[in-house]
Each structure stands twice: as C-alpha cells, then as structure tokens.
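Converting from the sequence shown to the numbering used here requires adding 949 to each position, the first position being numbered 1. Heads up, the beta-carbon is just placed ideally off N, CA and C, and yes, glycines get one too. Just so it is clear, the structure is predicted and the values come from calculations on it, not from any experiment. Notes follow once the structure below has been shown.
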Amino acid sequence: MSSPVSMPSKRHAAAAEALVASPALPDAEDRTRDRVLSAVLENGPVSAAELGDLLGFTPAAVRRHLDHLERNGVIEVKRVAKAGAGAGRPARRYVLSSQGQSKLGDDYLNIASSALRRLQEIAGEESVRQYAEERFSELEKRYTPEVEAAGEDITARAMALSKALSRDGYVASAHSIQAKAPLPAEFSSVQLCQGHCPIQQLAAEFPVFCDTETKVFSRLVGVDVRRLSTLAQGGHVCTTHIPTGRPAATASPDTAEQPGIPYQESNNQQERP
C-alpha cells in the first residue's frame, strides 16, 4: 500500500532550502527544488508520480529535480515492492539519504554526544539510561492527554500519537493494516512511521534513546509494541509495529521480543507500508 502524501510543512521547506540552495540557479528553480526535497522528506518513500500529483509538476520536471537532488547525495532511490502485485519490478521511491538526514540535524548534537560519552565514563551506562528516560518522560506527559482523548481504541490512539509526533517535527504517519485470511484478525496492526529524528546522531551512538522512546510509545497506546526499523541504525524511516487485534496490555519492560507478530525485518530493510 502506498503512503498517502501530504503538503510539506513550512518548517521542512526551510530545512530543505538550506540543503540545496545554489547561487548558480535562478531563484524560481531553487524554490521549486526546495519544494521537491521538502515533499520527499514529508512523504518518503514516495514515487515521482506521487510527487508530481502533490506539487502539480509534470513528470519530466519532477524527475529533473529528483535527479539533481540524487546527484547531490541528499536523496536516494529505494526499491519498494507493490503490495499485492506479486512478482514484478519493484517501484522506484525516493527518500532522504543519510547525508540529507544528518544535514537536517542540530549543530549541537556533537557537543551533546561528547557530553554523554563523558557522563558514561564517569557515572556508567545507567546514567545515560536515566537521562534518556528523563528526556522522554516530558514527551510522554505532553502526549498523554492527546492520546487519552482518542479513547480506548488502539488504532485511534496510534493515530493521535502520530499527529502529536508530526506536530513536533518527527514527520510521522500511521497506517492501519487489516489482517486478511489465512492470517487471523489478531495480526492486524498499525505501522507508525517517523521520517525525521532530531537526535539521530545521538541515538546511533546510544541506542538506549530508541529503546526508551519505544517503551514510551507502548505505554501511550496501551499495548506492547515493536520497533522494526530506526533511522539511527540505517533505516529510511523509524517504524513501530503496533498490534491492534489483541487486547490492550500493560507495556512490558522489554519490547524487543513480542509474540504473535507475523514478520520481522532488519532495520535497514523495513519499508513504510
């Protein structure tokens, strides 16, 4: 199932401008290319046809800008098999590259990484875990009222969480996947994707940040969840599997191994549904 596309936010359009501005190009060309990059950030993995429909560009115009961005290393092509299409050539879809993600990061992350390494040396790994928990506890407090307002339905809670994450710049989306025979209904799920991580560099060095965030998501939606991919470990999106066909349960301390999930893929292979 292809990801639905949405208009790119002004915030990410500004970030995109910083990546591809070129004095050799006319201003109008710059702005158009910025819009294309911003749309890839907001909606990737996304096809050239979807970008054309979203932005109102001809296929030739979209591909010209995509080729330029790809040559500059800020986006890359990802082959995605079409759901239900059977055997056949995978579709070409565009995502922000690791280089593009890093350029959108915070300049202070290098300082923060150095400080955390020093903290780990002095007080041990437990101190870093405590810091991560404190950081995400604030996020959990802010999101709890919004998620609770969605009611008891797990899908509705996941959608509310996605909306809150997008507002905070995580470029999130949530897609409901209904299990079809021969799979039992218990295998239905929501795939929660995050296209941007403001602490990607830190999380790559300190995976406890991803682990802690996953546990917070589990408590917020009210069911054990599983992280399938992360930007920090080379994925093109952070993807969280949220089972919706089973009764809600209290989140367990370890969400890494969950029974009843029909598939598992490595961090750098999982696709947005």
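Query: So is residue 1097 buried or exposed if we call it buried at 16+ other beta carbons inside 10 Å?; Result: exposed
Query: Can you list, in chain order, the residues of its chain with a C-beta nearer than 7 Å to that of residue 1027? Leave out the 5 residues immediately preceding and following it.; Result: 994, 1042, 1044 and 1185
Query: Compare the beta carbon distance of residue 1088 and residue 1077 with 9 Å and say whether it is the shorter of the two.; Result: no
Query: Apart from the five residues on each side of it in sequence, which residues of its chain come closer than 6 Å, Cβ to Cβ, to residue 1215?; Result: Because the pLDDT at residue 1215 is just 35, under 50, the model does not fix this residue reliably, and the point stays unresolved.
Query: Check whether the Cβ atoms of residue 1122 and residue 1104 lie closer than 9 Å to each other.; Result: no
Query: State whether the stretch 1109-1123 contacts the stretch 1154-1161, with contact taken as three or more CB pairs (one from each stretch) at a distance under 8 Å.; Result: no
Query: Return the Cβ separation of residue 1049 and residue 1071 in integer angstroms, given the expectation that the two are a contact with Cβ distance under 8 Å.; Result: Going by Cβ atoms, the distance from residue 1049 to residue 1071 rounds to 35 Å, so no, they are not a contact pair.
Query: Could you give the distance in angstroms between the alpha-carbon of residue 1119 and the alpha-carbon of residue 984?; Result: 18 Å
Query: How many Å lie between residue 980 and residue 1150 at the Cα?; Result: 28 Å
Query: Using 9 Å as the threshold, is the C-beta distance between residue 1189 and residue 1132 below it?; Result: no
Query: Report all residues from its chain with a CB closer than 8 Å to the CB of residue 1093; omit the five preceding and five following residues, and keep chain order.; Result: 1169
Query: Measuring alpha carbon to alpha carbon, tell me which of 1138, 1144, 1020 and 1102 ends up nearest residue 990.; Result: 1144
Query: Which class does residue 1221 belong to by DSSP, given the choice of helix, strand or coil?; Result: Confidence at residue 1221 is low in this model, with a pLDDT of 39, below 50, so its placement is unreliable and the value that follows should be read with caution. Reduced to three states, the DSSP call for residue 1221 is coil.
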